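Chemist: Here it is, the structure in full.
There are 2 protein chains.
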Amino acid sequence: MKGKPLASIVSVGLSKFGKLEGKYSREIFVEAAREAFGSCSNLDPKRDVKALFVGQMSESFEHQGHVAPSLSDWMGLLPIPATRIEAACASSGAALRCAIFAIMSGIYDVVAVGGVEKMTHRATSDVTEYLAMASDFPMEQWHGITFPAIFGLMATAHMHKYGTTEEQMAMVAVKNHHHGCLNPKAQIQSEITVKQVMESRPVAWPLKLFDCSLISDGASCLVVTRPDTARRFTDTPVDIVGTGQASETIGLYERDDMTFMQVARSAAKQAYEMSGRTPRGIDVAEVHDCFTIAEIIAYEDLGFCAPGEGGKLIEEEETQLGGRIPVNTSGGLKSKGHPVGATGTAQACEIYLQLTGQAGRRQVEDACTGLTHNIGGSGATGVVHIYQRRD
Amino acid sequence: MKGKPLASIVSVGLSKFGKLEGKYSREIFVEAAREAFGSCSNLDPKRDVKALFVGQMSESFEHQGHVAPSLSDWMGLLPIPATRIEAACASSGAALRCAIFAIMSGIYDVVAVGGVEKMTHRATSDVTEYLAMASDFPMEQWHGITFPAIFGLMATAHMHKYGTTEEQMAMVAVKNHHHGCLNPKAQIQSEITVKQVMESRPVAWPLKLFDCSLISDGASCLVVTRPDTARRFTDTPVDIVGTGQASETIGLYERDDMTFMQVARSAAKQAYEMSGRTPRGIDVAEVHDCFTIAEIIAYEDLGFCAPGEGGKLIEEEETQLGGRIPVNTSGGLKSKGHPVGATGTAQACEIYLQLTGQAGRRQVEDACTGLTHNIGGSGATGVVHIYQRRD
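Going down the list, the sequences are from chains A and B. Quick note on numbering: the working numbering labels position 265 of the first sequence as 265, and the sequence is numbered without any gaps. Quick note on numbering: the working numbering labels position 36 of the second sequence as 1036, and the sequence is numbered without any gaps.
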């Protein structure tokens, strides 16, 4: 099936990202779904949308499991099947794969897929604990290590092996804040400087506050169809031409090398092979910058540069708007925000907007091929998708 | 695709069900996977199994999210993609659907699908709370209603509308305990009497202790393949010929009628239509008897009898081994046990054993067609599958 479209995105929606006070997940998700449905004039959701797949990371934030049917309810789509997929911060990336499988199965012609998380109403210590549940309980959580610390270890290893600097990491934050200023949906819309990042409060050395992504409420939603029926819903479908997912030990301590993520390499290899694309052919990418070091590692794992050269790539402004391969034009997790369950399909939203020329002030000129890279935990799950503009 | 096999089960495995002290989910799941892999001589898991889908209800029991990659790790199957699906107690029923979609997509030829839950190490009050997270937070949990109470309301409504009796509900427990005595894997293997059920401690009137299913640790695992390659792995594949899933309001209070589950009716309709089968053509069924009343309602929703006649059906011993349509020959959730995330695919395990003549002392003679009915929460999710013996 090399290069053949697997499924097509015909419409996308994003809620606001940020602190959405007094709203439950289901209300936030409806905001995203409404935008997706509303921007697709030929779509009658009640008639057309036959199933929902939704990524949500944690039942703990709202003390609410079994979230999927309530979303189907609040969208007015009962009794369609609604299924929650959980893969930590890669939950909606994994949900998108289930949606693709469902479309390719021939059972459904049109499905909705998205993600949602409501996080900001909890104390930061609670948020840190709930997120840490995606690390290994007996060997990591139990000993008190949190995700900033885990990525701090990865950063240290990368600095040691390759000479990557704190300044280079800071440049990732600066770039993504700059991009976020061009995205009206971004949670933070203000420029920062390398100096500000360097002087921000230490969280887990070498990571400082501005190296960390945000705590956010938000939701994302895509309408996905069979490639051959996509034109019924829009003149500008975006085809998904490659999908990959891989697993790794949940505990960081069990891996031989902390300077890369095997899951990203493996998922990317699957997606590149399936799509017949190569890193050189990617025009725009959204990668999982949960911490600045993660974006640098992503460059390397995705083949945008050689291992160890991620720091140089950001330094040379190659991944900035106008560079060779703009990354995180949305602002990324760092500036757009990171409502964890929503992130995977939010990345797909941005790629859809880019490939259909709807990205406004952050538009990458003539973007034809896009990629998303969505990571769960410290890299126990990795999901990569490749997208192609329909000509 | 009416009547066409969607995917085939070539092998099944179940861990012990019960109190499995000192074991994490991943260790329990490996026990089930090992049995599934070990009983399929032509299967080389490392070579053949290309993805894992796993149902788990709650991250709270073990303070562990992101469980799927750790299962793939402990099964020795890294780096295959591993995805957790959550739909409350219907988690692995929903996971089975994702596995079917993945097979039908043509991307994978062989996948593993299962479920696991570790519950018994927590205090009963914790278990009750974590399970209650599958009900509506603002309108149910917050007001203190728990699942026994929710099903107590349904039982009361059924008694009021149809004259169903406490004795009839007790008969479900008696039957399922009897069947459980014939299943070496069942958590409880002792006969009980209607009198014992009636005299057991009230939990939420009219439900008494022996009307309630068990708190269990356990796991289940299936190996699922494309129908056309199934014979490569076994002489006795079982084809999945119908699948259905539906959603309903998460809160019971929003439904007009508490005496049936719309999701079960809707999911069953989908599965019957897809398979070209009818209720009359089902030889053996595993239904979601989380409480005895739920089994009576299931008879009606699945069309084994008319609405309101479920009490009569159990009273006339039609659903007992030797009856017209034996239900829960495994012992059901009531006697085999109910490790919530494992239940959906554990039901499929029993049907596989029945349709391949491997059910030992509880074998239904000449069983050709089977059905599973898996419910999440109070019926916000329903999943139904229909299975056919290969001749």
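C-beta atoms are modelled at their ideal positions from N, C-alpha and C, and glycine is treated no differently. As the structure is a computational prediction, the values presented were derived from the model and not from experiment.
Does DSSP put B/S1125 in a helix, in a strand, or in coil?
Modeler: In the structure shown, B/S1125 adopts helical secondary structure according to DSSP, grouped into three states.
Chemist: Kindly list, in the order they appear in chain B, the residues whose Cβ is closer than 9 Å to that of A/E86.
Modeler: Simply Q1056, E1059, G1065, H1066, V1067, A1068, T1083, R1084, I1085 and E1086.
Chemist: In the DSSP assignment, find the beta strand (DSSP E) that holds A/C305 and state where it starts and stops.
Modeler: Annotation for A/C305: no beta strand (DSSP E) segment contains it, and DSSP assigns it neither H nor E.
Chemist: Using only the alpha-carbon positions, how far apart do B/V1113 and B/E1318 sit?
Modeler: 32 Å
Chemist: Would you mind listing the beta strand (DSSP E) stretches within the segment 1309-1385 of chain B that are 3+ residues and don't spill past its ends, in chain order?
Modeler: 1369-1376
Chemist: Whole angstroms are fine: how far does the CA of B/A1367 sit from the CA of A/L14?
Modeler: 50 Å
Chemist: Specify whether the segment 1024-1033 of chain B and the segment 1367-1380 of chain B touch according to this definition: at least 3 beta carbon pairs, one from each stretch, less than 8 Å apart.
Modeler: no
Chemist: Is the beta carbon of A/D126 less than 9 Å from the beta carbon of A/S60?
Modeler: yes
Chemist: Counting only Cβ pairs nearer than 7 Å, list the residues of chain B close to A/A94.
Modeler: T1083
Chemist: Looking only at its chain, what residues have a beta carbon closer than 8 Å to the beta carbon of A/W74, apart from the 5 residues adjacent to it on each side?
Modeler: R26, E27, F29 and V30
Chemist: Go ahead and label A/N42 buried or exposed: buried means 16 or more other beta carbons lie within 10 angstroms of its beta carbon, across all protein chains shown.
Modeler: exposed
Chemist: Is the beta carbon of A/V287 closer than 9 Å to that of A/A298?
Modeler: yes
Chemist: Taking Cβ-Cβ distances shorter than 8 Å, what residues in chain A pair up with B/E1062?
Modeler: F137
Chemist: Which full runs of the beta strand (DSSP E) of 3+ residues lie inside the segment 1244-1304 of chain B, going along the chain?
Modeler: 1284-1286
Chemist: Nearest to A/D217 by alpha carbon, out of A/S247, A/S58, A/R34 and A/I100?
Modeler: A/S58
Chemist: What does the Cβ neighbour count give for A/P184, buried or exposed, with the cut at 16 atoms within 10 Å?
Modeler: exposed
Chemist: Cα-Cα, which of A/G332, A/P79 and A/Q64 is closest to A/S213?
Modeler: Cα-wise, what sits closest to A/S213 is A/G332.
Chemist: Given this structure, state the Cα-to-Cα distance separating A/Q64 from A/E309, to the nearest angstrom.
Modeler: 43 Å
Chemist: Compute the beta-carbon to beta-carbon distance between B/R1390 and B/D1239, rounded to the nearest angstrom, for a pair I have assumed lies under 8 Å.
Modeler: 6 Å
Chemist: Report back the beta-carbon spacing between A/L6 and A/I107 to the nearest angstrom; my notes put them in contact at under 8 Å.
Modeler: In fact, because the Cβ distance is near 15 Å, the residues do not count as touching under 8 Å.
Chemist: Relative to the C-alpha of A/E315, which residue among A/V194, A/A268 and A/P206 is closest?
Modeler: A/V194
Chemist: How close, in whole Å, do the beta carbons of B/G1392 and B/V1383 come, if the pair is a contact with beta carbons under 8 Å?
Modeler: Outside the shown range of chain B, which is 1001 to 1391, sits residue 1392 of chain B, and nothing can be said about it.
Chemist: From B/R1324 to B/C1305, what distance separates their C-alpha atoms?
Modeler: 11 Å
Chemist: Run the CB neighbour count on A/R84, radius 10 Å, all protein chains shown included, and call it buried at 16 or more, exposed below.
Modeler: A/R84 comes out buried.
Chemist: Would you mind sorting A/T124 into buried or exposed? The rule is 16 or more other CB atoms within 10 Å of its CB.
Modeler: exposed
Chemist: Against chain B, which members of the segment 228-251 of chain A pass a CB distance test of less than 9 Å?
Modeler: Within the segment 228-251 of chain A, T243, G244, Q245, A246, S247, E248, T249, I250 and G251 place their CB atoms closer than 9 Å to a CB of chain B, listed in sequence order.
Chemist: CA-CA distance, B/M1261 and B/D1301?
Modeler: 7 Å
Chemist: Taking only the alpha-carbon atoms, compute the straight-line gap between A/L321 and A/I386 and give it to the nearest angstrom.
Modeler: 19 Å
Chemist: Within the segment 1074-1130 of chain B, note down every full alpha helix (DSSP H) run reaching 4 residues or more, in order along the chain.
Modeler: 1091-1104
Chemist: Quick one, which residues of the segment 1100-1127 of chain B are near chain A if we go by CB-CB under 9 Å, in chain order?
Modeler: I1100, F1101, A1102, I1103, M1104, S1105, G1106, I1107 and Y1108
Chemist: Helix, strand or coil: which one does DSSP assign to B/D1044?
Modeler: coil
Chemist: Which two residues bound the contiguous alpha helix (DSSP H) that contains B/F1037?
Modeler: S1025 to G1038
Chemist: Step through the CB atoms of chain B and report whether any lies within less than 9 Å of the CB of A/V263.
Modeler: It does; some Cβ of chain B falls within 9 Å.
Chemist: Classify A/A186 as helix, strand or coil using the three-state DSSP reduction.
Modeler: coil
Chemist: Looking at chain A, which residues of the segment 1330-1346 of chain B have a Cβ within less than 9 Å of any of its Cβ atoms?
Modeler: none
Chemist: Within the same chain, show all residues whose beta-carbon is closer than 6 Å to that of B/G1379, passing over the 5 residues directly before and after it, in chain order.
Modeler: Excluding sequence neighbours, B/G1379 sits near E1248, M1261 and V1263.
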